[in-house]
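Residue numbers (my numbering): 218 to 787.
Note that beta-carbon positions come from the ideal geometry of N, C-alpha and C, so glycine has one too.
Just so you know, these numbers come straight off a predicted model, no measurement behind them.
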Ligand code: C2E
Ligand code: CA
Ligand code: CA
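Structure (structure tokens):
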């Protein structure tokens, strides 16, 4: 999948993942609200039941006590006891002596029986003989609960009146206002008391109902609440939950955006991706014949041109490409690109050489021989124009194999150069054994030319050796005219460096080539151009009047250096 496709897929997954915690939190909150609501209803129902049971038990106990004390008449002593009992027993508002048929014969406050209308009557408990009755007093709408106890040895009994409202708690579980609709029913189903607003319609999905039964008297407490009403109090929790899930969603959404960063953080993956995307491009640094002033060719120096336009120098990625082995593919890609982009222009000028940098790894097997053969076989760039540079900085592990690979490459017609000569540890014997065609003297020696006697001696020795072994010499990193002149005096023919030109992008280099080395109609293609010959003419003039270097360290705009000016302008 393309990186763009990957990013889009990652964003889509991120959105889905980001929605999940929000949905999960909602489900969890709803579940929790329901659980809490049910627990609250249950507790409320149990409170109703406990209160009702306590009211009846307390009353029944008071009646038992009176019966035990044989309080069963209107006598003044008995009336006093009844009054004291009423006063001392919380739920009881009136005690009376009742006939066997339920008529009130006398009350502790003197009320008459004709005030009582019995609505329902049922046994309080099986076998006790006591009754639980609902009565109305006169025209009052309120219900009263009457507990009637038959006399032990007499036809008259005792009865206690309790306001039905005392069967209902007056506050909620938490001491606040009552939220639920509650009903207390007798064992026979008579409605003793009810509280709260209108009960939600049964069966409605928003309704929660809890029923609790009393094991003592068979009463039932039914509490009903609206689901939405129960969860309404959890607004704060919801707000916190929404913020937390929102933050979580943002973090998850950010993840796909962070993914490419992580990809960038793995530099090997990033190099591999850039290779496939064609972000590695060749730059060309001209190599000049400092005797004739003609262009001899160029060294290809790789650059990483990122999509945002930044150009990364090789020091930032070549070491990693080498250690990861990607350098092999990178070199192939670079060679193919040079063929495609510069093959025609350079192929038409067979005297121009094109150098590529190889690494020690390339010489460990003959794979490079096949690569080079294949890549240049179909290209206009001829194998005889190719120079392959192997640096002296890296130790070559297997000299015999390296020698064989070099020989095979030379067999194809390419030239092999030793780069950075003088900087490695192998020394001259190394070069001799490898049998290369060209040596490139490192900038380090060029910099100390004229000032350091040792450098001069080393360069002279190298030149002697090269001549004896029929090797070419190229001076690298030449930055001033003084150096050019010095190198010429030492007998060096070829040089590259900022004094002539920095590495140039392909289009600029090709423009330069076509400017200074035009293909003349009818002229044989292998005749070098002569525009840079102007460089040779400045030789004596510069000795009298030293050249100033401009800011870029490139060739100065001396009118006598016509070709160099041309280089500089490209
Ligand atoms: P190198 O092969 O020794 O290349 C010469 C380096 O010196 C280049 O740096 C070039 O820009 C720089 N240079 C040239 N003239 C002057 C000068 O007058 N003054 C100064 N100060 N520097 C000059 P660059 O392009 O940054 O390349 C650095 C190194 O990266 C190269 O050193 C080479 O070892 C490696 N490299 C570059 N391209 C490739 C490649 O395609 N494959 C491999 N394996 N290595 C490469
Ligand atoms: Ca090189
Ligand atoms: Ca070099």
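Task: Neighbour-count burial assignment, residue 755, 16 or more Cβ in a 10 Å radius - done: Reading the chain shown from its first residue, position 538 is the one you call residue 755. In this prediction, residue 755 has a pLDDT of 31, which is less than 50 and means its spatial position is unreliable; nothing more can be read from the coordinates.
- [ ] Mind checking who residue 514 pairs with in its DSSP beta bridge?
- [x] Taking the chain shown and counting its residues from 1, one reaches residue 514 at position 297. Checking the DSSP bridge columns, you'll see residue 514 partnered with 504 and 570.
Task: Whole-angstrom C-beta distance between residue 585 and residue 552, which should lie under 8 Å - done: Translated into the one-based positions of the chain shown, residue 552 becomes position 335. Translated into the one-based positions of the chain shown, residue 585 becomes position 368. Not really, about 10 Å apart at Cβ, beyond 8 Å.
Task: Start-end ranges of the alpha helix (DSSP H) lying completely within the region 288-323, minimum 4 residues - done: Counting only runs of 4 or more, we get 293-305.
Open item on the list: Taking 7 Å as the cut-off, is the C-beta of residue 654 nearer than that to any heavy atom in ligand 2?
Closed with: In the chain shown, residue 654 corresponds to position 437, counting from 1. Result no, Cβ not under 7 Å from ligand 2.
- [ ] Taking only the alpha-carbon atoms, compute the straight-line gap between residue 818 and residue 456 and give it to the nearest angstrom.
- [x] Because the chain is modelled from 218 through 787, residue 818 falls outside the range shown and cannot be assessed.
Open item on the list: When you measure from the CB of residue 534 to every non-hydrogen atom of ligand 1, does any distance come out below 7 Å?
Closed with: Position 317 of the chain shown holds residue 534. No; taking the cut-off as 7 Å, the Cβ of residue 534 has no heavy atom of ligand 1 nearer than that.
- [ ] Count the CB pairs spanning the region 683-702 and the region 658-672 that are closer than 8 Å, and state whether there are at least three.
- [x] Yes, they touch.
Open item on the list: Would residue 374 and residue 363 be called neighbours here (beta carbons separated by less than 8 Å)?
Closed with: As a position in the chain shown, residue 374 is number 157, starting the count at 1. As a position in the chain shown, residue 363 is number 146, starting the count at 1. Not a contact, by the Cβ cut-off of 8 Å.
- [ ] With hydrogens ignored, establish whether the beta-carbon of residue 636 is closer than 7 Å to any heavy atom of ligand 2.
- [x] Position 419 of the chain shown, counted from the start, is the residue given in the question as residue 636. With a cutoff of 7 Å, residue 636 counts as near ligand 2, since its C-beta is closer than that to a heavy atom of the ligand.
Open item on the list: For residue 273 and residue 424, I'd like the C-alpha separation in whole angstroms.
Closed with: Indexing the chain shown from 1 puts residue 273 at position 56. Indexing the chain shown from 1 puts residue 424 at position 207. Between residue 273 and residue 424, the alpha-carbon positions lie close to 30 Å from each other.
Open item on the list: Under 8 Å: do the region 501-508 and the region 520-536 share three or more Cβ pairs, one atom per stretch?
Closed with: Touching, no, given that fewer than three Cβ pairs across the two stretches are closer than 8 Å.
Open item on the list: Measuring straight from C-alpha to C-alpha, what distance separates residue 257 and residue 441?
Closed with: On the chain shown, residue 257 is found 40 positions in, with the first residue counted as 1. On the chain shown, residue 441 is found 224 positions in, with the first residue counted as 1. Distance between the alpha carbons of residue 257 and residue 441: 11 Å.
Task: Residue burial classification, residue 241 (beta-carbon count within 10 angstroms, cutoff 16) - done: Numbered from 1 along the chain shown, position 24 holds the residue referred to as residue 241. Exposed.
- [ ] Report, in whole angstroms, the separation of the C-beta atoms of residue 631 and residue 653, which I expect to be a contact under 8 Å.
- [x] As a position in the chain shown, residue 631 is number 414, starting the count at 1. As a position in the chain shown, residue 653 is number 436, starting the count at 1. About 11 Å separates the two Cβ atoms, so there is no contact after all.
Open item on the list: Any heavy atom of ligand 1 inside 7 Å of the beta-carbon of residue 695?
Closed with: Within the chain shown, residue 695 is the residue found at index 478, counting from 1. Yes, Cβ of residue 695 sits closer than 7 Å to a heavy atom of ligand 1.
TODO: Check each candidate in 321, 357, 369 and 301 and name the one with the smallest Cα separation from residue 347.
DONE: Mapped onto the chain shown, residue 347 falls at position 130. When each option's Cα is compared against that of residue 347, the closest is 369.
Task: the region 316-327 / the region 380-387 touching (three or more Cβ pairs under 8 Å) - done: The region 316-327, when compared against the region 380-387, does not touch it at the 8 Å Cβ threshold.
Open item on the list: My output table needs one value for residue 722: the three-state DSSP class, helix, strand or coil.
Closed with: Walking along the chain shown from the start, residue 722 turns up at place 505. Here residue 722 sits in strand by DSSP.
Open item on the list: I'd like the list of long-range same chain contacts for residue 263, defined as Cβ closer than 6 Å, with 5 residues on each side in sequence excluded.
Closed with: Taking the chain shown and counting its residues from 1, one reaches residue 263 at position 46. Excluding its 5 nearest sequence neighbours in each direction, residue 263 has C-beta neighbours in its own chain below 6 Å: 429, listed in chain order.
Open item on the list: Quick check: does the Cβ of residue 632 come within less than 7 Å of any heavy atom belonging to ligand 1?
Closed with: Here residue 632 is taken as the residue at index 415 of the chain shown, counted from 1. No - ligand 1 has no heavy atom lying nearer than 7 Å to the Cβ of residue 632.
TODO: Indicate whether residue 504 and residue 684 have their beta-carbon atoms separated by less than 8 Å.
DONE: Residue mapping note: residue 504 aligns to position 287 of the chain shown, counting from 1. Residue mapping note: residue 684 aligns to position 467 of the chain shown, counting from 1. In this structure, residue 504 keeps its C-beta atom at 8 Å or more from the C-beta atom of residue 684.
Open item on the list: Is any non-hydrogen atom of ligand 1 found closer than 7 Å to the C-beta of residue 527, if you look at the structure I gave you?
Closed with: Position 310 of the chain shown holds residue 527. No, Cβ of residue 527 sits at least 7 Å from all heavy atoms of ligand 1.
Task: Coil, strand or helix - residue 762 by DSSP - done: Looking up residue 762 in the chain shown gives position 545. The predicted position of residue 762 is uncertain, since its pLDDT is 30 and thus under 50; a value taken from the coordinates is nonetheless stated next. Of the three classes helix, strand and coil, the one that applies to residue 762 here is coil, per DSSP.
Open item on the list: Assuming the contact rule is C-beta atoms closer than 8 Å, residue 270 and residue 403 should be a hit. Round their C-beta distance to whole Å, please.
Closed with: Position 53 of the chain shown, counted from the first residue, corresponds to residue 270. Position 186 of the chain shown, counted from the first residue, corresponds to residue 403. 12 Å between Cβ atoms; not a contact.
Task: Rounded C-alpha distance that separates residue 731 from residue 721 - done: Locating residue 731 in the chain shown gives position 514, where the first residue counts as 1. Locating residue 721 in the chain shown gives position 504, where the first residue counts as 1. Distance between the alpha carbons of residue 731 and residue 721 is about 14 Å.
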